[in-house]
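Participant: Have a look at the structure that comes next, please.
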């Protein structure tokens with residue numbers, strides 16, 4: 096069986112210790128803040144997550160950039176030169192052009208390394224939803240699965256990777272064009288909290304609105320109750336925009352109501368957090384339908 100490496104983006108929002116345990120390589124994406132460019136390095140890197148979110152709370156704006164094909168070529172080339180194949184699991188094409196840049200790099204490198212294999216898989220996922228997909232792929236690999244076997248598992252399961260999340264501040268979604276100015280204004284005044292998910296095309300879609308923070312967190316758990324596949328046998332991921340206690344509340348609920356034994360919690364990194372804002376809580380699991 097040919098050796099291969101799993102590579103992904105920092106938008107997986109995986110903790111450094113899990114990245115090491117899984118044996119995956121993570122490409123840091125970038126974000127801009129106060130005229131400076133920062134790399135979204137797992138674990139904080141150039142700016143830790145609490146500092147980033149405190150700046151957002153103070154009104155500082157953040158924007159993001161995608162990886163270009165030259166950056167992918169720089170990462171992929173040494174791996175190919177070492178004789179390994181590549182499985183790159185990309186940030187959703189419905190939210191970023193990063194996946195397309197990887198395809199451009201693949202096309203160029205396949206001519207230079209005709210004996211090597213490069214697979215670019217569109218996760219159609221974001222944050223720890225992408226991270227959970229990478230987790231399962233890496234666990235398959237650690238169990239001895241070939242590149243083809245992992246790729247088949249990804250294709251069969253990607254649309255079962257459920258994303259449910261809520262935000263605390265509608266203004267960040269307004270800036271990203273996800274809700275209108277009027278909706279953000281009225282929703283903020285009335286304490287309305289949207290519940291959103293990522294659809295089968297990898298796009299961010301508002302689904303419902305509830306009044307109050309606790310009700311919005313409970314709504315995430317309710318969605319999991321309705322659609323999860325064998326939740327007691329799953330590892331569930333929860334990411335948060337610097338609101339750990341709310342994430343722990345959701346974790347407690349899924350353990351008590353669905354018998355989930357293992358929940359992994361981590362920050363939403365700055366690349367995703369620039370668009371979702373402080374106070375976001377997201378729940379990820381395998382379900383049917385997405």
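Numbering (the working numbering), first residue to last: 96 to 385. Where is the CB? At the ideal position from N, CA and C, for every residue including glycine. Nothing here was measured: the structure is a model prediction, and the numbers come from that model.
Considering only residues of the same chain and omitting the five flanking positions on each side of residue 298, which have a CB-CB separation below 6 angstroms?
Facilitator: Closer than 6 angstroms at Cβ, skipping near neighbours: 189.
Participant: What does the alpha-carbon distance come out to for the pair residue 386 and residue 236?
Facilitator: What is shown of the chain runs 96 to 385, which leaves residue 386 out entirely.
Participant: Are the stretch 323–330 and the stretch 292–311 touching, with three or more C-beta to C-beta distances below 8 angstroms?
Facilitator: no
Participant: Is residue 222 closer than 8 angstroms to residue 334 when the C-beta atoms are compared?
Facilitator: yes
Participant: Sort out for me which residues DSSP pairs residue 194 with in a bridge.
Facilitator: Bridge partners of residue 194: none, in fact.
Participant: Along the alpha helix (DSSP H) that carries residue 263, what are the first and last residues, could you check?
Facilitator: Premise fails: residue 263 is in no alpha helix (DSSP H) and is neither H nor E.
Participant: Restricting to Cα atoms, I'd like to know which of 228, 192, 126 is closest to residue 102.
Facilitator: 228
Participant: In the DSSP assignment, find the alpha helix (DSSP H) that holds residue 243 and state where it starts and stops.
Facilitator: Its alpha helix (DSSP H) spans residues 242–252.
Participant: Does the Cβ-Cβ distance between residue 260 and residue 107 come in under 8 angstroms?
Facilitator: no
Participant: Look up residue 323 in the DSSP assignment and give the residues it is bridged to.
Facilitator: 382
Participant: Closer than 8 angstroms is the cut-off here; do at least three beta carbon pairs connect the stretch 161–181 with the stretch 133–143?
Facilitator: no
Participant: Tell me, to the nearest whole angstrom, how far the beta carbon of residue 231 is from that of residue 383; I am working on the premise that it is less than 8 angstroms.
Facilitator: No, residue 231 and residue 383 are not in contact; Cβ-Cβ is about 15 angstroms, not under 8 angstroms.
Participant: Hey, how far is the Cα of residue 308 from the Cα of residue 288?
Facilitator: 7 angstroms
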